[in-house]
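Trainee: Note that UniProt numbering gives residue 134 to position 134 of the sequence shown, counting from 1, and the numbers run on in steps of one.
My questions all concern the structure below.
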Amino acid sequence: MKAVRLTLICHALTQAQKTGRLHRAEDGILPLGQQPFADLSGVPVLTAPERRACETAARFSGPVQVEPALADCDLGRWQGLTLKQLQAEQSQALTEWLQDPASDVHGGESFAVLCQRIAAWLAAFDRPGEWLAVTHPMVMRAVLVQVLGCPMSASQRVDVLPLSRLELSFTGQWRLRLG
Numbered sequence: 001m002k003a004v005r006l007t008l009i010c011h012a013l014t015q016a017q018k019t020g021r022l023h024r025a026e027d028g029i030l031p032l033g034q035q036p037f038a039d040l041s042g043v044p045v046l047t048a049p050e051r052r053a054c055e056t057a058a059r060f061s062g063p064v065q066v067e068p069a070l071a072d073c074d075l076g077r078w079q080g081l082t083l084k085q086l087q088a089e090q091s092q093a094l095t096e097w098l099q100d101p102a103s104d105v106h107g108g109e110s111f112a113v114l115c116q117r118i119a120a121w122l123a124a125f126d127r128p129g130e131w132l133a134v135t136h137p138m139v140m141r142a143v144l145v146q147v148l149g150c151p152m153s154a155s156q157r158v159d160v161l162p163l164s165r166l167e168l169s170f171t172g173q174w175r176l177r178l179g
């Protein structure tokens, strides 16, 4: 079994994040002043299909491939709404969604279903060598839940900032790499 090094990178800052609005698939990134990371020429890049992830992935010099499993959590009818609006108009539903990983009150994908999708993707990932994967904060939280075997509710205690990195390795089991 050959070793795998997988670095997940959160997409760059979006206007939605800056203003407290829930994401939409068409949200793009704000201009970046410089290259986000050192030259990673030749390292294959996987990206979630959403525009913000693809735009971030394009900043790397390796070949880019869209990976549907890395897609952001589907927020259903809440896409594009502000948190202030949800607090004012649907505070009980928002509280339920934040407290219950199985909640899909917005009509989209629950965090529990996202965790299942990510668990299946990690279990099937059999590409030896070094890889980058550009994705989203909720996906990175789901990866942490899977790798650490912690309760899904623990994901609420993790802040994933734009361009954050999460390094993993696999040699028989996934491991978190701190550096």
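The beta carbon of each residue, even a glycine, is placed where N, CA and C say it ideally should be.
Only a predicted model underlies this, so the values are computations on that prediction, with no experimental measurement involved.
Taking the Cβ atom as the reference point for each residue, do G28 and R59 lie within a distance shorter than 7 Å?
Mentor: Not in contact: G28 and R59 (Cβ atoms no closer than 7 Å).
Trainee: Since A3 and P128 should fall inside the 8 Å C-beta cutoff, what is the C-beta to C-beta distance between them, to a whole number of angstroms?
Mentor: Indeed, because the Cβ distance is near 7 Å, the residues count as touching under 8 Å.
Trainee: Indicate the three-state DSSP secondary structure (helix, strand or coil) for S91 in the structure shown.
Mentor: Here S91 sits in helix by DSSP.
Trainee: Look up S169 in the DSSP assignment and say whether it is helix, strand or coil.
Mentor: Strand at S169.
Trainee: Which of helix, strand or coil does DSSP assign to V134?
Mentor: Correct three-state label for V134: strand.
Trainee: DSSP three-state call for V64: helix, strand or coil?
Mentor: In this structure, V64 counts as strand in the three-state DSSP scheme.
Trainee: DSSP state of G129, grouped into three classes?
Mentor: Strand, per DSSP.
Trainee: Spell out a yes or no on whether the stretch 138-155 and the stretch 14-22 are touching, meaning 3 or more CB-CB pairs, one atom from each, closer than 8 Å.
Mentor: They do not touch, by the three-pair rule.
Trainee: Compare the C-beta of F60 with all C-beta atoms of chain D and state if any pair is closer than 7 Å.
Mentor: Considering every chain present, this structure includes no chain D. It has just one protein chain.
Trainee: Once you ignore the five residues that flank A93 on each side, which residues in its own chain have a CB closer than 7 Å to its CB?
Mentor: Excluding positions up to five away in sequence, the list reads V105.
Trainee: With hydrogens ignored, establish whether the beta-carbon of G108 is closer than 6 Å to any heavy atom of the ligand GTP.
Mentor: Absence of the ligand GTP is noted for the structure shown, with no ligands found whatsoever.
Trainee: Quick check on DSSP: helix, strand or coil for L144?
Mentor: DSSP places L144 in helix when its eight states are reduced to three.
Trainee: Could you please give me the residues that DSSP links to T82 through a beta bridge?
Mentor: For T82, which the question treats as bridged, DSSP gives the partners R21.
Trainee: List the endpoints of the continuous beta strand (DSSP E) containing T7.
Mentor: It spans 4-10 - the beta strand (DSSP E) in which T7 sits, taken as one unbroken run.
Trainee: Would you please state the rounded distance, in angstroms, between the beta carbons of T135 and L6? I believe it to be under 8 Å.
Mentor: Actually they do not touch by this definition, with Cβ atoms about 11 Å apart.
Trainee: Within a Cβ cutoff of 8 Å, which residues of the same chain sit near S169, ignoring the five residues on either side of it in sequence?
Mentor: Correct list, in chain order: A3, V4, R5, L6, R175, R177.
Trainee: Quick check: what's the CA-CA separation for G76 versus F111?
Mentor: One C-alpha to the other measures close to 13 Å.
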